[in-house]
Every structure is written in C-alpha cells, then in structure tokens.
Amino acid sequence: MILEHHWDTFINQSDFEYLASIGINTVRLPIGYWSLGPQFCQGTPFENVSDVYQNSWPRVTRAISMAGQAGMGVLVDLHGAPGSQNGQPHSGVSDGVTGLFDSQPNMDLTIALLTFLAEQLVNVTNVVGIELLNEPQDDPGLPSLYDRAIASMRAVSPQAASFPLYIHDGFNLDQFSSYVANRTDFVVVDHHSYFVFTPSDDAEPASQHTTDVETSIADSFAAASTEARRNLVVDEWSCALTPESLSSVSDPDQARKGFCEGQMNVYTNISAGWGFWAYNKEDCSDDPGWCFKAAVGNSLPSTFFSYGQGPLTNPDQLPSLADLMGDMSSPPTSVVLASAQSSPTDASTTSDDAQSDIAPPALNRRWRSRPRTGDPTSWRRHSPSWSHRRANKRGYETGMSPEQRAIAKGYSDGFFTAKIFAQYGMSKLGFTGQYMNDGIAALGPGVIKPGTEGNYQEWFMKGLQDGENIVISHIGQTNLTST
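Going letter by letter, the sequence shown gives residues 1 to 483 in full-length UniProt numbering.
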C-alpha cells in the first residue's frame, strides 16, 4: 500500500538518532483525525476510504517508540480535526471550508478523539504533551471548544489532570496568552511565526524582517510569555523568505542565515521551546528555508544543546564532570538570607532574568527547555527535583520569618533544579513559571505561607541561574582538563 510504504520509509530510527545527536530533544508529530483509525472516520469525508487507515495508529505509536529509543520526547499534534478547523489543505480538506465550529457532531467527535489521545498517551513516558488543534481559525467558539476538550481530557485519570496540553492561539496571541494566564493547570500556548504569506511580507527586505524579529516581535512575544508564566512555545517557524525579500541583497544565503539565527535566538530566550517546520520534505537538500536538515550547519547552527554541548561521550571526561556535578552544593542558608537582606526582595519579580549576588561554592522531559523540530518544552513531569522538594519541606522553619523561609527554600530549590536537570542529559528547565507554581502548591502553605510566593519565585530564579552558571563553569573545567 502506497501510504503504508510512505509511513514506513519517510522517517525511521536513524532520523531520531540524528536529531538527538545534534541536541534536538523533542519532535512535534502532526496527525489527522483519520490517523487514529477507521472508527474515527465514520460520518466524515474519509469514511469511504477509512480502510486505508486501518494500520495508521500503530505507525503513530511506533514513531513515538522510536523517538523514545533515541531519548527524545514527542508532542502529538492534532493537525486535522473533523470538519476542518481552518479550511486549509493541511487539515485534510480541499474545499476551503472551515466546518468544525458550526457543527455539533464535528465538535463532539473532536472532543472524543482528543480524549482518546489522552487515554492512550498520558502514561507514555516520552510523550511530552498533546496539542489540541493546529492553527485553528480564530472563531468566537474556539475558547469554549478548548474549555470542553481540556475538561474531558483532564478527567481521564489523575495523571491526565496535570498532563501538559498545548493550544494554538489562532494567530491571536494576546487572547490566548491571557487564556493560559487565567488557568492554573499545565496549558501551553503555541504561536507560529512566518514571514512569507502576505503582500507586506513580500514588500519587506530580509534585513527589515530580521530587525522586526529582534525588536517589536521580540517585545510582543516577551510580554505574552510573561503573562502566560512562560507557558509559550513557538512551535512552527522556518528560515523561509520570499524571492522579493531577498531580491536586493548581494548574498542571499548570508541574509537568510542572519534572519534564521535571529529568530532562533529570540524564540529560545523568550519561550519554553521552539519547533522548526519541517524536519524533512521533498527536495530537502535544495530548500534550506523550509527543510531543517538542509538548514543545519548553514542557515542554522550545527548543534542545539542547552549548554552548548550535549552529554559527554569521551570516557576521559565523564568521571571528571560527574564528580564536579555531584559535588555541587548550594551556599549556606545564612549566606542566602544575608544576600536577601542586602538586596531587598521584590515580591513581584518572577523574571527569568533575576540576578543573584551569591557566589555558590565551587528531568522530566515535559519540563525541560526544548529546541525541537516539527513534522517528522522535556523530561517527565515528576522529575527527581520534585523528590528533593518533598524531602525538604521542613528544613527551613526554625527561627525564620515566613519571608525568610520562602527565600531560602526558593533559592535551594532553584539551585538544585539546575543541578538535577543538567545531570539529566545536560538539560535546562523550560517551563519555569508553571514549575514554580506547581512546586509552591506541592509544598503547601505550611512551608510557603500565602503572601510569600513572590519571595519564593524570585529567589528560585536566582538559585536556578547560579546553578546553571556553576554547570557552565564545570563544563569549562572539564574541557580544560581533557585538552
């Protein structure tokens, strides 16, 4: 069968191994409702050809398994919903009609298949989340559809209640960053960023696109990320520019490289992760604008590791780095509190840019920062650092005010979170705001008194930064030792 041959050959185990080897830790896997099998095609345009998809769902789960064997996470993305969420060909229709939002049967079927995905995937260790819809039309009914879907998926099991769910913003980032901000559960807003689809895109030269990305667009994304407690990803972007945008430049390849690296740097700094569209395509080698494999080492860097390098494989380096990382310890509580006293805590500060004056002594896939590809963020939610938090609930109570307790606990948790994530594949924490909020809830009011959450959050970020700086220092020492 033609489709099954394509499923079996277009992406294989070597692709996942390659991506892992260059520092990509997650893939976004787009599927249509038909991919779940014939039972979800009844009453849809795919009903008469549903037998073709008899073996499609096993191919989806096989891809997830192959990614897991390479140590990679998978974000499963419902790219095509019953009736179509946007009328675009990539949603499975050719008539241009958006038929999801005005059809109760289509909405009900969408809820049913998303619930099925939750039932099947919540306990799969390398599935980092489910994206409810890809690029839906910004319909007035979209928020209520998201509400229904999230409620149904959360009700599947206790594990599903805290499972990461991703929602596309329908290209209305302000509305859906606010939507996420008004929830406390693990919901992530996804925005897609392209510069090739409008007449104004054509009219703007490459250099101006790059400037826009690094200034006004970066500012807009940063504001949305802050509002959504950093639960923001840019899960589709590319290096593509129109011929018109490149027509006035003497070196199109260099212009594309500046544009592409500018995007990557902005999305890395302001979001919890990004995804490039697409990993592979027909005529990939001739298209570095749209094909990740062709862009790597050309328009994009050669590797994408969080700390500039991946887990060490040189046997001479491994014991040295392991010893250095194992010896990492946070400064005494008295030092932390003295620093807090000399630089008063701003309880409203939860920025990733929090600075610390302390000089410390020399995960879960779903939490880690995620450079990743789309179209073939993070380790499992319950990372080892949760165990550290639970084991130390009572270590900061004697002789401290509630504010001091929150400061000391926040710094310690942040510092050791950096250490543990680095030990787990040289990763970094991505969803910082969600992680801190969930941690405060887990610790309870007996440890973090209501009203001191800002103290905990600010000093968590300072401890996290100090821990990451120590990891960088240790990597440098290890590299020097091995030369």
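Note that CB positions come from ideal geometry on N, CA and C, so glycine has one too. In this text, all values refer to a predicted model and were calculated from it rather than measured experimentally.
Does the distance from the C-beta atom of residue i to that of residue j stay below 7 Å?
i    : j    : result
H168 : E236 : no
A118 : A181 : no
F416 : L429 : no
E403 : N437 : no
A272 : F431 : yes
S299 : C239 : yes
A155 : A206 : no
S412 : S334 : no
G141 : F101 : yes
P38  : S50  : yes
V76  : I130 : yes
A406 : V336 : no
A222 : I150 : no
G23  : F305 : yes
F16  : W34  : no
F40  : L121 : no
If you draw a straight line from the alpha carbon of residue i to that of residue j, how long is it in whole angstroms?
i    : j    : result
W379 : V249 : Caution applies to W379, whose pLDDT of 35 falls short of 50 and renders its modelled position unreliable; the value that the coordinates give is listed next. Cα to Cα, W379 sits roughly 43 Å from V249.
T198 : V447 : 53 Å
S245 : T44  : 41 Å
A203 : T242 : 9 Å
M153 : F186 : 12 Å
G467 : L3   : 49 Å
L132 : S177 : 16 Å
R183 : P164 : 13 Å
R230 : A224 : 8 Å
V189 : A160 : 18 Å
Y435 : G414 : 10 Å
Y166 : V266 : 20 Å
E194 : G444 : A small correction: the amino acid at residue 194 is Tyr; Glu does not occupy that position in the sequence shown. Cα-Cα distance, rounded: 43 Å.
P332 : T268 : 32 Å
M461 : A418 : 10 Å
T115 : P136 : 18 Å
Q175 : D219 : 16 Å
T210 : S473 : 32 Å
M66  : R148 : 32 Å
T9   : G289 : 23 Å
T215 : G258 : 14 Å
V93  : G463 : 50 Å
D212 : S247 : 18 Å
N280 : A294 : 9 Å
L232 : W459 : 22 Å
V465 : K449 : The sequence given here places Gln at residue 465; Val does not occur at that position. Going by the C-alpha atoms only, they are around 24 Å apart.
Could you have a look at residue i and say whether DSSP puts it in helix, strand or coil?
i           : result
S193        : strand
D287        : coil
I130        : strand
I448        : coil
V296        : strand
G425        : coil
G80         : strand
D139        : coil
Y267        : helix
residue 521 : Outside the displayed range of the chain (1 to 483) lies residue 521, so it cannot be described from this structure.
E100        : The sequence given here has Leu at residue 100, not Glu. If DSSP states are grouped into helix, strand and coil, L100 belongs with coil.
Q54         : coil
K281        : coil
N12         : coil
G476        : helix
G68         : helix
N123        : coil
M400        : coil
residue 489 : Outside the shown range of the chain (1 to 483) lies residue 489, about which nothing can therefore be said.
P46         : The sequence shown places Phe at residue 46, not Pro. It is coil, neither helix nor strand.
F431        : coil
G92         : coil
T198        : coil
N106        : helix
A155        : coil
A442        : helix
L241        : coil
E204        : coil
Bridge partners of residue i, per DSSP?
i    : result
V233 : D190, G273
H5   : Beta-bridge pairing links H5 to no other residue.
Y166 : E131, V188
Is there a Cβ from chain B that is less than 7 Å from the Cβ of residue i?
i    : result
S412 : Among the protein chains of the structure shown there is no chain B, as only one such chain exists.
Does the ligand SAH have a heavy atom nearer than 6 Å to the CB of residue i?
i   : result
Q88 : Ligands displayed in this structure: none; no statement on the ligand SAH is therefore possible.
Q) Is there contact here, the segment 98-116 with the segment 77-87, by at least three beta-carbon pairs under 8 Å? A) The way I'd put it, the segment 98-116 does touch the segment 77-87; three or more beta-carbon pairs between them come closer than 8 Å.
Q | Validate contact between the segment 42-62 and the segment 257-276 using beta carbons, cut 8 Å, 3 pairs | A | The answer is no - the segment 257-276 does not touch the segment 42-62, with fewer than three Cβ pairs under 8 Å.
Q: Give a yes or no on contact between the segment 25-40 and the segment 70-77, applying the rule of three or more CB pairs nearer than 8 Å.
A: yes
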